[in-house]
Amino acid sequence: MIVQTKNFDASIKAVGGSGGLSAGQFTALVAVFGNVDHGGDVIVPGAFKDSLAQWEESGAPIPVIWSHQWADPMAHIGHVLAAEETADGLLITAQLDLDNPTGAQVFKLLDQKRVKEFSFGYDVREAGPVTVNGQDAFELRQLDLIEAGPTLRGMNPETQLLGTKSDDEIRRIVREEIAADKVVEDTTGTAELEAPPDPIETSGTPPESSPPQGGEPSGPSKSAGLSHAQVAAWATAAELILMEER
49 MIVQTKNFDA SIKAVGGSGG LSAGQFTALV AVFGNVDHGG DVIVPGAFKD
99 SLAQWEESGA PIPVIWSHQW ADPMAHIGHV LAAEETADGL LITAQLDLDN
149 PTGAQVFKLL DQKRVKEFSF GYDVREAGPV TVNGQDAFEL RQLDLIEAGP
199 TLRGMNPETQ LLGTKSDDEI RRIVREEIAA DKVVEDTTGT AELEAPPDPI
249 ETSGTPPESS PPQGGEPSGP SKSAGLSHAQ VAAWATAAEL ILMEER
């Protein structure tokens, strides 16, 4: 399973203190039906129906995570209280954990409209190519919703923060990495960069007789890997590239 992410400039309906919501709560349209986004995808009504039913049956809440930072416990900032498909898209009401400093700060950012975009993590159950208004697109018909949450980075390059990579630049880098055979898939289905090989010593004392620095045993270097958000972004970019080349 390759977890992907989809970002939107969300329509925030209400934040705690308005619309009958309590402190730390918000209501937002986090996915939009029918429009082709900048990744070339279009979500159809009903895409979340089965997944929402499974979440309800499980009794577990859908996590609210800040910017897909799954490995950081403090980024797990709340949970979804209610989720439903409307004519416009996926509407959620969520509770942020105000005892969590990250949750409290994110709520402040939402309340002050300093953050207005949302993203959700998903796996594709059913999808296929379509043409929408003469434009080639990839129709997302059934999705497995994994999490949702506020984020700074949106699908539209014009809304990205200074210093983040545009979609075109990400695709260029992924193409280069694929060509160089530097992107590998591990047993969990996520991608990481291979570490460069250790330098070869050409003269002097043989490596095995040289004491390691700091008194610790030496060993091959390992890549620090990518964050979950980077993995998701790279996986999405790589998948889009493969689609384009078919």
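So the sequence shown is numbered by the working numbering: it starts at 49 and just counts up by one.
Backbone N, C-alpha and C define an ideal beta-carbon position, used for all residues, glycine too.
Only a predicted model underlies this, so the values are computations on that prediction, with no experimental measurement involved.
Below 6 Å CB to CB, which residues in the same chain sit around residue i once its five sequence neighbours on both sides are set aside?
{"i": "residue 259", "result": "Confidence in residue 259 is poor, its pLDDT being 47 and thus under 50, which makes the residue's placement unreliable; the coordinate value appears in the next sentence. There are no such residues."}
{"i": "residue 89", "result": "186 and 188"}
{"i": "residue 117", "result": "123"}
{"i": "residue 133", "result": "96"}
{"i": "residue 139", "result": "77 and 132"}
{"i": "residue 178", "result": "185 and 187"}
{"i": "residue 155", "result": "72 and 144"}
{"i": "residue 163", "result": "157 and 198"}
Which residue wins for smallest C-alpha separation from residue i, given the options the options?
{"i": "residue 106", "options": "191, 98 and 113", "result": "98"}
{"i": "residue 172", "options": "79, 96, 185 and 138", "result": "96"}
{"i": "residue 130", "options": "114, 146 and 108", "result": "108"}
{"i": "residue 141", "options": "161, 110, 165 and 119", "result": "110"}
{"i": "residue 165", "options": "113, 84, 91 and 68", "result": "113"}
{"i": "residue 145", "options": "170, 100 and 125", "result": "125"}
{"i": "residue 120", "options": "149, 162 and 100", "result": "149"}
{"i": "residue 195", "options": "161, 127 and 175", "result": "127"}
For chain D, check one thing: does any of its Cβ atoms lie closer than 9 Å to the Cβ of residue i?
{"i": "residue 182", "result": "In summary, chain D is missing from the structure at hand, where a single protein chain is found."}
Name the two residues that bound the continuous beta strand (DSSP E) containing residue i.
{"i": "residue 199", "result": "183–199"}
{"i": "residue 157", "result": "Careful: residue 157 lies outside any beta strand (DSSP E), inside the alpha helix (DSSP H) at 149–159."}
{"i": "residue 91", "result": "89–91"}
{"i": "residue 73", "result": "73–80"}
{"i": "residue 110", "result": "Looking at the DSSP string, residue 110 is not in any beta strand (DSSP E), and its letter there is neither H nor E."}
{"i": "residue 177", "result": "165–180"}
{"i": "residue 131", "result": "124–133"}
{"i": "residue 143", "result": "137–144"}
Taking the beta carbon of residue i as the centre, do at least 16 other beta carbons fall within 10 Å, making it buried, or is it exposed?
{"i": "residue 181", "result": "exposed"}
{"i": "residue 75", "result": "buried"}
{"i": "residue 102", "result": "exposed"}
{"i": "residue 137", "result": "buried"}
{"i": "residue 79", "result": "buried"}
{"i": "residue 104", "result": "exposed"}
{"i": "residue 147", "result": "exposed"}
{"i": "residue 2", "result": "A query on residue 2 cannot be resolved here, the shown segment of the chain reaching from 49 to 294 and no further."}
So, at 8 Å on beta carbons, what are the nonlocal neighbours of residue i in its own chain, with the 5 sequence-adjacent residues on each side left out?
{"i": "residue 115", "result": "123, 167, 197, 198, 199, 200, 201 and 277"}
{"i": "residue 135", "result": "81 and 93"}
{"i": "residue 191", "result": "91, 95, 96, 99, 170, 171, 172 and 173"}
How far does the alpha helix (DSSP H) with residue i in it extend, from its first residue to its last?
{"i": "residue 101", "result": "97–106"}
Give me, in chain order, the residues of the same chain whose beta-carbon lies closer than 7 Å to that of residue i; leave out the 5 immediate sequence neighbours on both sides.
{"i": "residue 175", "result": "186, 187, 188 and 189"}
{"i": "residue 83", "result": "90"}
{"i": "residue 152", "result": "146"}
For the ligand MG, any of its heavy atoms closer than 8 Å to the Cβ of residue i?
{"i": "residue 165", "result": "No copy of the ligand MG appears in this structure; indeed no ligand is present at all."}
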